[in-house]
Amino acid sequence: MKEKFLRFMQGRYGVDQFSKALLIAGLVVVLLSSFFTGKGVGTLFYFLGWVLVIYCYFRIFSRNVSKRYAENQKYLAKTYKLRTYIQQQKNSLAQRKAYHIYKCPGCKQKIRIPKGKGKIEIRCPKCGTTFIKKS
Numbered sequence: 001m002k003e004k005f006l007r008f009m010q011g012r013y014g015v016d017q018f019s020k021a022l023l024i025a026g027l028v029v030v031l032l033s034s035f036f037t038g039k040g041v042g043t044l045f046y047f048l049g050w051v052l053v054i055y056c057y058f059r060i061f062s063r064n065v066s067k068r069y070a071e072n073q074k075y076l077a078k079t080y081k082l083r084t085y086i087q088q089q090k091n092s093l094a095q096r097k098a099y100h101i102y103k104c105p106g107c108k109q110k111i112r113i114p115k116g117k118g119k120i121e122i123r124c125p126k127c128g129t130t131f132i133k134k135s
């Protein structure tokens with residue numbers, strides 16, 4: 001069975017970030033449609049959600065790889081700023097357990113200092129300004 005599916009998927013585009021986003025958005029819209037009791041709005045959201053899910057599967061099983069690749073690149077280009085912002089926030093949250101992150105008063109450069117060292121004098125590596133902070 002697995003072999004048949006693998007043979008079927010040969011030459012097809014498969015799953016990418018845009019397909020995942022379409023699938024998640026479609027399922028969220030379908031779930032949201034259940035909260036709207038009005039006939040028109042709930043039904044519209046329901047069908048819109050299923051259109052997104054169907055388009056997602058169309059992309060996954062498509063044999064036109066170059067066109068699907070171009071669509072994915074457009075999606076990645078449009079969401080670049082949002083994705084990098086989220087990644088930076090995740091990174092800074094992970095580092096907050098072990099480090100304090102201070103900004104230099106002179107040049108606003110971010111400086112990472114290990115926690116638990118007491119009151120220390122920090123020298124900015126970019127502009128050379130020194131300032132005192134607790135770590």
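Take 1 as the starting number for the sequence shown in full-length UniProt numbering and just add one per residue. Don't be surprised by glycine CBs; every beta carbon is placed ideally from N, CA and C. Keep in mind it's a predicted model, so treat the numbers as computed, not measured.
Out of PHE5, CYS107, GLN10, GLN17, which one is the CA nearest neighbour of THR79?
It is GLN17.
Cα-Cα separation, ILE122 to LYS133
If you take the alpha carbons of ILE122 and LYS133, they lie about 7 Å apart.
With respect to the beta strand (DSSP E) encompassing PHE131, which residues constitute its N-terminal and C-terminal limits?
Per DSSP, PHE131 belongs to the beta strand (DSSP E) from 130-134.
List the whole-angstrom C-beta distance separating SER135 from ILE120, where the pair is believed to meet the contact cut-off of C-beta under 8 Å.
Their Cβ separation, rounded to whole angstroms, is 5 Å, which keeps SER135 and ILE120 in contact under 8 Å.
Closest by CA to CYS127, which one among LYS117, GLY116, GLN109?
The option with the nearest alpha carbon to CYS127 is GLN109.
Between ARG7 and PHE61, is the Cβ-Cβ spacing less than 8 Å?
Contact annotation: ARG7 and PHE61 have beta-carbon atoms that are not nearer than 8 Å.
DSSP on ARG112, reduced to helix/strand/coil?
If DSSP states are grouped into helix, strand and coil, ARG112 belongs with the strands.
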